[in-house]
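Chains as they are written, first to last, in the working numbering: chain A, 1 to 183; chain B, 1001 to 1075; chain C, 2001 to 2203. Every residue gets a Cβ at the ideal spot worked out from N, C-alpha and C, and that includes glycine.
The following block contains the structure:
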């Protein structure tokens, strides 16, 4: 099992992050096709494409806590959020001239995420997946953490900040360039 | 401790002077002598060694629009 | 800009953390020591201007993310990691603003000695702070907040501030646990209504 990976790609980060949180050793190989098409997981007899499908496969591995598999509705929503965000981020970061007011692109999505997280928080939950973080939370984290690349001001999204704080404290949390270490 | 610093470069003298005065105040070092022209900045300071070092670094990076091309630091 | 402004909920700056806030474009770092005391400072490290709100709380101080300069509760610099033996001069300090916590919310004043008489009273808990993408005046009018930036309604407190021109943060607190969901629902409804009106006007 090997991940075709691009270090700076948000979708690839979601997979690397998920593997680390789940305690799965996932060798990676740098492949610039991953920048274009996202991560790909090479298996013995198959290749899986996309963060959602790869993470769903990782959850089935032995020794992975089944709680990571909770919240299947939220998974689809989070996967769409990650895909939309990824397009916006690549547009902004690969543009030959600076994009004016990039935050405007991401704010509708940030508002939607904030609403969901704030709603769950009223029930005493900080995860979109339920009482335990799940695949949906793993896919959501790169979106909110890398929203900084689109200059999204986080003073406007307190539930997002709360989510990030709890997420960064999870055992096995790893960063990527643009996501600071916790202290 | 006393330190003399001399920079060459392209400066806005007024900007650089104001910057140096503000930095010296922040770092609690005393400027005993200073002259700034559009190509030369020189200053004599008294203060704690670490703070003198910080002052020098800050002036090396300097305010926007001032570029240091050569430096000389004496004692 | 005189008086007190609600900038965040108490629950959104837990002990040992820092958070950003803006007041009409002015950037503020909110942070809470492990002793529970809240602070509101200008969001700029005096060293190189890095946002202090990106920093972390260490030894009861707020440490800047950039070079780790640590600032104590009195806003003076206590420790510079690159020069650990240095007794840092008192001139190196963050700029502190007046801050109060009332009714589950954090209130900041840019005045030096603001009067406390215009703050709400009571033991309320924060419910939510949400962004409403309309100018502050629009939100205040809609909430019938003529002369103030807060209003008590039934068992809820609604308070507003302007992080930047054209934006409003609506802060909601409730005196009862039972009232929290309803208060949140009302806030979301108000936001949706005001933003829909704005869309219609622009279209």
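Inset, instruction - Could you spell out where the alpha helix (DSSP H) holding residue 2149(C) opens and where it closes? - result: One-based indexing of the third chain puts residue 2149(C) at position 149. Element bounds for residue 2149(C): n/a, residue is neither H nor E.
Legend entry - Bridge-paired residues (DSSP) for residue 127(A): Mapped onto the first chain, residue 127(A) falls at position 127. None; residue 127(A) has no bridge partner.
Legend entry - When 168(A), 172(A) and 137(A) are compared against residue 69(A), the one with the closest alpha-carbon: Numbered from 1 along the first chain, position 69 holds the residue referred to as residue 69(A). Residue 137(A) is the option with its Cα nearest to residue 69(A).
Legend entry - 9 Å Cβ cut-off: residues of chain B touching residue 2052(C): Residue numbering aside, residue 2052(C) sits at position 52 when the third chain is read from its first letter. Within chain B, no residue comes near residue 2052(C); the closest Cβ sits about 16 Å away, beyond 9 Å.
Legend entry - Minimum Cβ-Cβ distance from residue 1020(B) to chain C less than 8 Å: Within the second chain, numbered from 1, the residue matching residue 1020(B) stands at position 20. No, residue 1020(B) lies away from the interface with chain C (no Cβ there is under 8 Å from its Cβ).
Legend entry - residue 2007(C) versus residue 2071(C): straight-line alpha-carbon distance, rounded: Here residue 2007(C) refers to the residue found at position 7 when the third chain is read from its first residue. Here residue 2071(C) refers to the residue found at position 71 when the third chain is read from its first residue. Approximately 22 Å between the Cα atoms of the pair.
Legend entry - Per-residue contacts from residue 111(A) into chain C (C-beta, under 8 Å): Within the first chain, numbered from 1, the residue matching residue 111(A) stands at position 111. In chain order: 2131.
Legend entry - Partner residues on chain A for residue 2180(C), Cβ-Cβ distance less than 7 Å: Here residue 2180(C) corresponds to residue number 180 of the third chain, with the count starting at 1. The answer, in chain order, is 122.
Inset, instruction - Mind listing, in chain order, the continuous alpha helix (DSSP H) runs of no fewer than 4 residues lying wholly within the stretch 153-182 of chain A? - result: 158-168
Inset, instruction - Could you tell me whether the Cβ atoms of residue 81(A) and residue 179(A) are closer together than 8 Å? - result: Locating residue 81(A) in the first chain gives position 81, counting from the first residue. Locating residue 179(A) in the first chain gives position 179, counting from the first residue. Their beta carbons are not under 8 Å apart, which means residue 81(A) does not touch residue 179(A) by this criterion.
Legend entry - Rounded straight-line distance, which links the Cα of residue 90(A) to that of residue 40(A): As a working note, residue 40(A) is residue 40 in the first chain. As a working note, residue 90(A) is residue 90 in the first chain. Approximately 18 Å, taken between the alpha carbons.
Inset, instruction - Just the chain B side, please: which residues come within less than 7 Å of residue 2046(C) by C-beta, in chain order? - result: Your numbering for residue 2046(C) matches position 46 in the third chain. Here the neighbours are 1026.
Legend entry - Three or more C-beta pairs below 8 Å linking the stretch 153-160 of chain A and the stretch 2013-2020 of chain C: yes
Inset, instruction - Could you work out which residues of chain C lie near residue 204(A), taking near to mean beta carbons separated by less than 8 Å? - result: Chain A is shown only over 1 to 183; residue 204(A) falls outside these bounds and no answer can be derived.
Legend entry - Any C-beta of chain A under 8 Å from that of residue 2022(C): One-based indexing of the third chain puts residue 2022(C) at position 22. Chain A, which has a Cβ nearer than 8 Å to the Cβ of residue 2022(C), makes this yes.
Legend entry - Where residue 1059(B) falls: helix, strand or coil (DSSP): The residue given as residue 1059(B) occupies position 59 in the second chain. Three-state DSSP puts residue 1059(B) in a helix.
Legend entry - Extent of the continuous beta strand (DSSP E) run through residue 2126(C): Mapped onto the third chain, residue 2126(C) falls at position 126. Per DSSP, residue 2126(C) belongs to the beta strand (DSSP E) from 2125-2132.
Inset, instruction - Please determine if the stretch 2085-2095 of chain C and the stretch 1021-1041 of chain B are in contact, where contact requires at least 3 C-beta pairs separated by less than 8 Å. - result: yes
Inset, instruction - Report the three-state DSSP secondary structure of residue 2087(C) (helix, strand or coil). - result: Residue numbering aside, residue 2087(C) sits at position 87 when the third chain is read from its first letter. Note: residue 2087(C) maps to coil in three-state DSSP.
Inset, instruction - Report all residues from its chain with a CB closer than 6 Å to the CB of residue 2081(C); omit the five preceding and five following residues, and keep chain order. - result: The residue given as residue 2081(C) occupies position 81 in the third chain. Closer than 6 Å at Cβ, skipping near neighbours: 2068.
Inset, instruction - Take the Cβ of residue 120(A) as the centre, count every other Cβ of all protein chains shown within 10 Å, and call the residue buried at 16 or more, exposed below. - result: If you number the first chain from 1, residue 120(A) lands on position 120. Buried: at least 16 other Cβ atoms inside 10 Å.
Inset, instruction - Return the CA-CA distance between residue 2183(C) and residue 2170(C), expressed in angstroms with no decimal places. - result: Counting from one through the third chain, the residue named residue 2183(C) turns up at place 183. Counting from one through the third chain, the residue named residue 2170(C) turns up at place 170. Between residue 2183(C) and residue 2170(C), the C-alpha separation is close to 11 Å.
Inset, instruction - With DSSP as the reference, label residue 1053(B) as helix, strand or coil. - result: Looking up residue 1053(B) in the second chain gives position 53. In the structure shown, residue 1053(B) sits in a helix (DSSP, three-state: H, G or I).
Inset, instruction - Classify residue 2105(C) as helix, strand or coil using the three-state DSSP reduction. - result: On the third chain, position 105 is the one that residue 2105(C) refers to. Correct three-state label for residue 2105(C): strand.
Inset, instruction - Starting from the beta carbon of residue 2067(C), find every residue of chain B whose beta carbon is closer than 7 Å, and list them in chain order. - result: Position 67 of the third chain, counting from 1, holds the residue named residue 2067(C). None at all; the shortest Cβ gap to chain B is about 10 Å.
Legend entry - Cβ shell of residue 2010(C) (< 7 Å), same chain only, five flanking positions each side left out: Here residue 2010(C) corresponds to residue number 10 of the third chain, with the count starting at 1. Excluding sequence neighbours, residue 2010(C) sits near 2101, 2104, 2105, 2106 and 2126.
Inset, instruction - For residue 2009(C), name the three-state secondary structure that DSSP assigns. - result: Here residue 2009(C) refers to the residue found at position 9 of the third chain. If DSSP states are grouped into helix, strand and coil, residue 2009(C) belongs with the strands.
Inset, instruction - Just the C-alpha distance for residue 2119(C) and residue 2145(C), rounded to the nearest angstrom, thanks. - result: For the purposes of this step, residue 2119(C) is taken as residue 119 along the third chain, with counting starting at 1. For the purposes of this step, residue 2145(C) is taken as residue 145 along the third chain, with counting starting at 1. Going from the Cα of residue 2119(C) to the Cα of residue 2145(C) covers about 14 Å.
Inset, instruction - Can you grab the Cα-Cα spacing for the pair residue 27(A) / residue 71(A), in whole Å? - result: Mapped onto the first chain, residue 27(A) falls at position 27. Mapped onto the first chain, residue 71(A) falls at position 71. Each residue's Cα considered, the two are about 27 Å apart.
Legend entry - For residue 31(A), the nearest candidate out of 146(A), 45(A), 51(A) and 12(A) (CA to CA): Here residue 31(A) refers to the residue found at position 31 of the first chain. Closest option to residue 31(A), Cα to Cα, is 12(A).
Inset, instruction - Verify the CB distance criterion: does residue 65(A) have a CB-CB separation below 8 Å to chain C? - result: Residue numbering aside, residue 65(A) sits at position 65 when the first chain is read from its first letter. For residue 65(A), the answer is no, since every Cβ of chain C falls outside 8 Å of its Cβ.
Inset, instruction - Would you kindly report the start and end of the unbroken beta strand (DSSP E) that includes residue 1009(B)? - result: One-based indexing of the second chain puts residue 1009(B) at position 9. Where residue 1009(B) is concerned, the enclosing beta strand (DSSP E) stretches over 1002-1010.
Legend entry - Contact check, residue 2134(C) vs residue 2198(C), beta carbons under 8 Å: Counted from its first residue, the third chain places residue 2134(C) at position 134. Counted from its first residue, the third chain places residue 2198(C) at position 198. Yes, the pair counts as a contact, with Cβ atoms nearer than the cut-off.
Legend entry - Simplified DSSP assignment, three categories, for residue 83(A): Within the first chain, residue 83(A) is the residue found at index 83, counting from 1. The answer is helix: DSSP assigns residue 83(A) an H, G or I state.
Legend entry - Beta-carbon spacing of residue 1003(B), residue 1052(B) below 8 Å: Reading the second chain from its first residue, position 3 is the one you call residue 1003(B). Reading the second chain from its first residue, position 52 is the one you call residue 1052(B). Contact flag set, yes.
Legend entry - Interface partners of residue 186(A) on chain C, CB under 9 Å: Nothing can be reported for residue 186(A): it is not among the residues displayed for chain A, which extend from 1 to 183.
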